Amino acid sequence: MLSTIQLESRSFHCFGRLNNCHVTMAHPTISRFHAVLQYRSTFSTSDENRGFYLYDLDSTHGTFLNRLRIKPKTYVKVHVGHLISFGGSTRMYLLQGPADDEDKESELTVTELKAKRQAELKQREREQELQRLKKEEEERKKMEQGVDWGMGEDANEEEDTKENPFAPKENEQLYLDDPKKTLKGWFEREGQELEYDVSEKGFGTFTCRIELPIANITGRPQIAEATISGKKKEAIAHCALEACKILDMYGLLRQSTHESRKRKEKNWEEEDFYDSDDDNFLDRTGDIDAKRKKRMKKFGKTAETVDTYETLMEKHKLLIADLKHNENKLNRLNKNVTKEYGETNDEDSLESYMSDLRNYKTVDKIEIKRLKIKINELQIEEEKLRKIINIVRPTTLPELTKPQIEHTSKVEEAVKVNPKINNVPSPTTSTIPKEVKKIDTKIKPNVEEKVEVINKEKVEVINKEKSNINEAE
Numbered sequence: 001m002l003s004t005i006q007l008e009s010r011s012f013h014c015f016g017r018l019n020n021c022h023v024t025m026a027h028p029t030i031s032r033f034h035a036v037l038q039y040r041s042t043f044s045t046s047d048e049n050r051g052f053y054l055y056d057l058d059s060t061h062g063t064f065l066n067r068l069r070i071k072p073k074t075y076v077k078v079h080v081g082h083l084i085s086f087g088g089s090t091r092m093y094l095l096q097g098p099a100d101d102e103d104k105e106s107e108l109t110v111t112e113l114k115a116k117r118q119a120e121l122k123q124r125e126r127e128q129e130l131q132r133l134k135k136e137e138e139e140r141k142k143m144e145q146g147v148d149w150g151m152g153e154d155a156n157e158e159e160d161t162k163e164n165p166f167a168p169k170e171n172e173q174l175y176l177d178d179p180k181k182t183l184k185g186w187f188e189r190e191g192q193e194l195e196y197d198v199s200e201k202g203f204g205t206f207t208c209r210i211e212l213p214i215a216n217i218t219g220r221p222q223i224a225e226a227t228i229s230g231k232k233k234e235a236i237a238h239c240a241l242e243a244c245k246i247l248d249m250y251g252l253l254r255q256s257t258h259e260s261r262k263r264k265e266k267n268w269e270e271e272d273f274y275d276s277d278d279d280n281f282l283d284r285t286g287d288i289d290a291k292r293k294k295r296m297k298k299f300g301k302t303a304e305t306v307d308t309y310e311t312l313m314e315k316h317k318l319l320i321a322d323l324k325h326n327e328n329k330l331n332r333l334n335k336n337v338t339k340e341y342g343e344t345n346d347e348d349s350l351e352s353y354m355s356d357l358r359n360y361k362t363v364d365k366i367e368i369k370r371l372k373i374k375i376n377e378l379q380i381e382e383e384k385l386r387k388i389i390n391i392v393r394p395t396t397l398p399e400l401t402k403p404q405i406e407h408t409s410k411v412e413e414a415v416k417v418n419p420k421i422n423n424v425p426s427p428t429t430s431t432i433p434k435e436v437k438k439i440d441t442k443i444k445p446n447v448e449e450k451v452e453v454i455n456k457e458k459v460e461v462i463n464k465e466k467s468n469i470n471e472a473e
């Protein structure tokens with residue numbers, strides 16, 4: 001304890017940062033006039049209102065009593081033994097006095113005190129909710145009254161005051177504890193989908209809406225809405241509570257003779273086990289057909305067949321035939337890499353070679369790539385099927401080996417088609433036609449340059465053909 005402040009000299013003491021305060025504090029979070037500790041005197045010494053009160057002067061960083069911040073501009077009773085702190089200062093002030101002014105010790109444990117506090121908070125929330133519903137009901141009745149065209153009402157009906165309008169209904173206790181669970185169960189019995197439409201109106205403010213499958217007086221769907229400043233799940237919980245109260249008001253929440261409606265199941269058999277969004281025309285992966293087969297298997301529409309050695313061999317033959325067919329098709333496409341040159345004369349003329357270059361055709365690379373992928377898949381499937389056949393084969397039969405599919409390679413086909421690829425004549429004057437040799441010697445160098453350029457183009461085309469062959473393989 002650092003020091004003692006005597007409080008008998010005056011009825012109040014001001015705490016602040018200025019020098020003219022009764023208790024001067026130097027902490028930067030203390031306001032100039034921070035708070036006041038005032039004593040209230042009464043004529044009777046046994047009066048409970050008699051004693052010290054703490055009053056916060058709307059300070060920036062607040063005043064704390066027993067580590068809890070008090071409301072500004074509000075008198076808070078201070079008992080003997082209470083701790084007072086100001087702003088962010090760590091200095092604590094302890095009120096000392098007679099023992100009869102101390103707080104009475106509770107006989108409840110800490111757990112019981114917490115439960116009691118929670119019950120008080122729930123009761124306070126229920127009262128606030130009832131008041132809000134009452135105001136909304138009054139506003140709704142005013143809106144429904146409309147205009148009377150100046151005629152007025154004939155008579156004022158007397159209100160029935162036998163029943164307490166503020167008393168909670170019998171069914172209200174059934175959904176106040178867990179309104180989300182109650183509302184979800186009601187929607188499931190009705191065969192409807194429960195959807196929460198939550199939108200953020202501002203910082204920390206959420207509005208939740210639920211469209212109920214009932215009609216109001218205007219014939220439109222009834223809407224339950226709640227706006228909460230806090231968390232998103234709190235807005236959902238309040239909106240669910242509001243929806244439960246609306247359903248209870250219509251007498252639909254707890255019907256004794258309530259018939260549950262089954263959720264409408266999709267009839268897959270009518271749509272041939274296809275989904276409404278499935279389009280197998282554009283599907284090239286086979287996923288849609290695979291999903292369809294799974295649905296058919298789930299509903300027992302496909303009978304599972306047991307394969308034997310004979311059926312497996314039959315599948316293997318069909319697989320080998322399909323593999324050969326794709327291999328032959330790939331070989332036919334590979335032949336288009338090098339086009340066969342036309343009938344050549346004894347003389348190797350430049351015109352015939354250039355015409356052959358103009359008639360050159362490119363290969364459909366996309367089709368070749370697709371066939372390669374297909375052949376690879378068939379080879380993997382054939383290997384799996386061959387392993388299964390070797391497992392189930394009779395012991396008297398030989399083991400099934402990998403089939404040797406006869407096909408010529410692409411390079412061999414290219415050589416057969418154009419045997420002149422590997423025998424390209426050297427770029428000399430001996431390859432020049434006789435017509436060119438008769439040209440005057442003055443322009444002979446130009447002719448040789450032309451031959452050299454054409455020969456380079458010829459070599460580049462041949463290299464390109466070989467690279468295409470390697471890519472296809």
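Quick note: the sequence shown uses full-length UniProt numbering, first residue 1, plus one each step. Yeah, the Cβ is synthetic: ideal placement off N, Cα and C, and Gly gets one too. Since the model is a prediction, treat every value here as computed from it, not as a measurement.
- Under the DSSP assignment, residue 13 falls outside any alpha helix (DSSP H), being part of the beta strand (DSSP E) whose first and last residues are 12 to 16.
- Here residue 63 carries a strand assignment [DSSP, helix/strand/coil].
- A buried status is given to residue 235, since no fewer than 16 other beta-carbon atoms sit within 10 Å of its beta-carbon.
- Contact annotation: the stretch 65 to 85 does not touch the stretch 112 to 131, with fewer than three C-beta pairs closer than 8 Å.
- Going by DSSP, residue 332 is part of the alpha helix (DSSP H) stretching over 309 to 334.
- Counting only the Cα atoms, residue 50 lies some 16 Å from residue 104.
- Beta-bridge annotation (DSSP): residue 9 is not paired with any residue.
- In the structure shown, residue 244 adopts helical secondary structure according to DSSP, grouped into three states.
- Assigned with DSSP and collapsed to three states, residue 98 falls in coil, not helix or strand.
- A residue is called buried once 16 or more other Cβ atoms fall within 10 Å of its Cβ, and residue 100, having fewer, is exposed.
- Residue 39 and residue 11 do touch by the CB rule: their CB atoms are close to 5 Å apart, below 8 Å.
- Residue 391 is not a Cβ neighbour of residue 400, given a cutoff of 8 Å.
- The three-state secondary structure of residue 306, taken from DSSP, is coil.
- Here DSSP, grouped into helix, strand and coil, assigns residue 184 to helix.
- In the DSSP assignment, residue 210 falls within the unbroken beta strand (DSSP E) covering 205 to 215.
- In the three-state reduction of the DSSP assignment, residue 40 falls in the strand class, which pools E and B.
- Considering only 203, 59, 5, the residue with the shortest C-alpha distance to residue 92 is 5.
- Distance from the CA of residue 184 to the CA of residue 129, rounded to the nearest whole angstrom, comes to 21 Å.
- In this structure, the straight-line span from the alpha carbon of residue 367 to that of residue 296 is close to 33 Å.
- Contact annotation: residue 382 and residue 319 have beta-carbon atoms nearer than 8 Å.
- Residue pairing from DSSP places residue 229 in a beta bridge opposite 205.
- The alpha-carbon of residue 312 is positioned some 21 Å away from that of residue 293.
- Secondary structure note for residue 178: it is in no alpha helix (DSSP H), with a DSSP letter that is neither H nor E.
- Residue 181 sits exposed, since fewer than 16 C-beta atoms from the chains shown fall within 10 Å of its C-beta.
- For residue 378, the enclosing alpha helix (DSSP H) covers residues 365 to 392.
- Under the 10 Å beta carbon count, residue 203 is surrounded by fewer than 16 other beta carbons and is classified as exposed.
- Assigned with DSSP and collapsed to three states, residue 404 falls in coil, not helix or strand.
- Residue 121 and residue 290 have their C-alpha atoms spaced approximately 57 Å apart.
- For residue 47, there is no enclosing beta strand (DSSP E), as DSSP marks it with neither H nor E.
- Excluding five sequence positions before and after residue 326, the CB atoms of its chain that fall closer than 6 Å to its own CB belong to 371, 374, 375, given in chain order.
- For residue 329, same chain residues with a beta-carbon under 7 Å away, outside a window of 5 residues either side, are 371 in chain order.
- Nearest in C-alpha terms to residue 31, of all of 188, 37, 63, 9, is 63.
- For a cut-off of 8 Å, the C-beta gap from residue 246 to residue 224 is around 6 Å, short enough to register as a contact.
- As the crow flies, the alpha-carbon of residue 72 is around 23 Å from that of residue 19.
- The Cβ atoms of residue 322 and residue 378 lie closer than 8 Å to each other.
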